[in-house]
Each structure stands twice: as C-alpha cells, then as structure tokens.
Amino acid sequence: MRTVYVNGNYVPEEEATVSVFDRGFLFADAIYEVTSILDGNLIDFDGHMKRLHRSLNELKMPFYMKDADLMAIHRELVSRNAITEGLVYLQISRGAADRDFIFPAASVPPTVVLFTQEKELIDNALAKRGQKVITVDDLRWRRCDIKTVQLLWASIVKNEAKVKGADDAWMVRDGFVTEGSSNNAYIVEGDGTIVTRSFSYDILSGITRTAVLKCAGEIGAKVEERSFTVDEAKVATEAFSTSATGFVNPVVEIDGVKIGTGVPGPVVTRLREIYTETSRAVAV
Ligand code: PMP
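Residues 1 to 284 in my numbering are what the sequence shown spells out, letter by letter.
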C-alpha cells in the first residue's frame, strides 16, 4: 500500500482525503509538478521548484512552504514507498472554501498533496519503437505556460490518439505546432538543426526542454527556437518530444506520414543517451 502526503500528514492512500470544497476539485484552481526519480534520486528538483513558484506567482496563489521542506517530503515519500524509478507528483490548490469565483481570503490554507508512482523511465518500449502522433487543434486556454491541473483538452486528444491507433497528439495553433499533449515538440532538419517552439504563453516551459537544449549544445547541434508547421514536421529527418517522465522520446510518424526512415534516428538517440547520463549524474 502506498503512503501519500496530504497537508502535513503521511497517510496510507486509502485514508487520504481532501475536501469536496477544494478549489482544485471545483475550479481546477491548482498547480502541479512532476519530478522524475532515477536510482531513487530526484531529477532537476531545483528546476521544478523554480517553475512551481512561477505558476504560484502567475495565479497569485499564496504559499509559504520552503523548497527545502518540499524536498524533504519528496525524499520521505521516495523512501517510504521504496521508489527507485518513477515519479513524485506534487499538487497545490488554493484550498477549500465555499464555492465562489472570487478567490478566498489569503488566510485559507492551500491543499498540498504529494504521491509517488512507479514507472520504467529508462527501459521504455515506446522510446525504442518511436511514437506515432496525430495532429489536433490546440483548443486549450491561452495560459499554457502555467502548469495548472486543467488538463482536460490534453486528456481528450491523448484519448483521440489512442482510438486512432497512435501514441500521442501534437497540438496546432494557427498552422504551427505548439506542443504535445504532455510534452514539448521538436523536429530535426536535414542539416541537423533542432527546431522547437520558443517559450511564450502558448507552451509549458519544460524542465526537460531546458536540459535537453543544453545537451544539444554539448553535442554541437544547432538549435533554433521558432515555430514550425505540420508540413515542415512531416518532411523533417527526425522528430521527438521531451518530458520529465518521457525523457527524450522519438516520434516516427505524424498523421500516418513516416518521419525520416520511420525509426528513431541518430540525433534523438544520442540526445536520449546524453540526457539520461547527465540527469543521472546530477540527480540528488
Ligand atoms: N508541455 C506540456 C503541456 C506538459 O504537460 C509537459 C509535462 N508536464 C511538458 C510540456 C514537459 O514539461 P517537463 O519537461 O517539465 O515535464
């Protein structure tokens, strides 16, 4: 049985409860972070904390716990649940109050929930085979840079992909790819240039994205942060996505069109190796 953390207590998952008045439940008024665990260590914890504070600030959500305390809870859960490979999920909502669109008083305490999930990150079948993606309209709200729990469109399009025999969906706004349902999207051009959309309200600033773009620099690859179209993606030599739990994940088919040779290419394969090595080395 899993031990989870709720508002100061470590409890068996069956006993963990939050209020029906929780604003995360009623308004999706909550933010989250997912930190990967490799060899029992946290990957890029500082990066996740930085983005967490940005999300809190953007939503004017009061929160007073220290990063060191959050780190201690992450570690405690990893240890109590004996996780060597997987993730820690952290969610903070604006707390529980009578249902009202107006935010409650700042004195209402946030709801803080953390739990672990086991997952094979390194030995991943999808990464070996390469993902098939479909393209869909990006119909999310316009603040995709904030990591809120409002994930319904992402969930709908991922299910649509599954129904169509694909693995994921890439979202498209005004003809340009924004990102994957739960990952950032990239293509590799004929000359080896890696192209990914630049950061704006339209995408989440992936912690893995930042790390992988740094890795790209280390292998001497040219990186262009700019928008690309679905047509450009279809004629790319390689394509891939990145996320905390997916690492670097090849994309070998877009809307039924094979990308490059239809198998994971050298750039994505190398980036996945380097990213895995680097994050393993700096995990804490
Ligand atoms: N974009 C979206 C929409 C996501 O949900 C995620 C993962 N939460 C990412 C990008 C990748 O972010 P990260 O590398 O921090 O996991």
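We treat Cβ as the ideally placed atom computed from N, Cα and C, and that holds for glycine.
Just so you know, these numbers come straight off a predicted model, no measurement behind them.
- At a Cβ-Cβ threshold of 8 Å, residue 111 and residue 2 do not count as neighbours.
- Here the segment 128–138 lies against the segment 247–255, with 3 or more beta-carbon pairs under 8 Å apart.
- Around the beta carbon of residue 53, fewer than 16 other beta carbons sit within 10 angstroms, so the residue counts as exposed.
- DSSP places residue 224 inside the beta strand (DSSP E), whose first and last residues are 223–225.
- In the three-state DSSP reduction, residue 218 falls in the helix class (H, G or I).
- DSSP places residue 169 within a strand segment (E or B) once states are collapsed to three.
- Under the DSSP assignment, residue 43 falls outside any alpha helix (DSSP H); it carries neither an H nor an E label.
- Cβ-Cβ distances below 6 Å link residue 140 to 153 in the same chain, with the five nearest sequence neighbours on each side left out; the list follows chain order.
- Taking 7 Å as the cut-off, the C-beta of residue 204 counts as close to a heavy atom of ligand 1.
- Here residue 90 carries a strand assignment [DSSP, helix/strand/coil].
- For residue 247, there is no enclosing alpha helix (DSSP H); the residue is part of the beta strand (DSSP E) that begins and ends at 247–254.
- Secondary structure of residue 107 (DSSP, three-state): coil.
- According to DSSP, residue pairing for residue 12 in a beta bridge involves 3.
- Ligand 1 never approaches residue 188 closely enough for any of its heavy atoms to be under 7 Å from the residue's Cβ.
- The C-alpha of residue 204 lies about 33 Å from the C-alpha of residue 15.
- Cα atoms of residue 108 and residue 96: separation of roughly 7 Å, rounded to the nearest angstrom.
- Rounded to whole angstroms, the gap between the alpha carbons of residue 254 and residue 11 is 44 Å.
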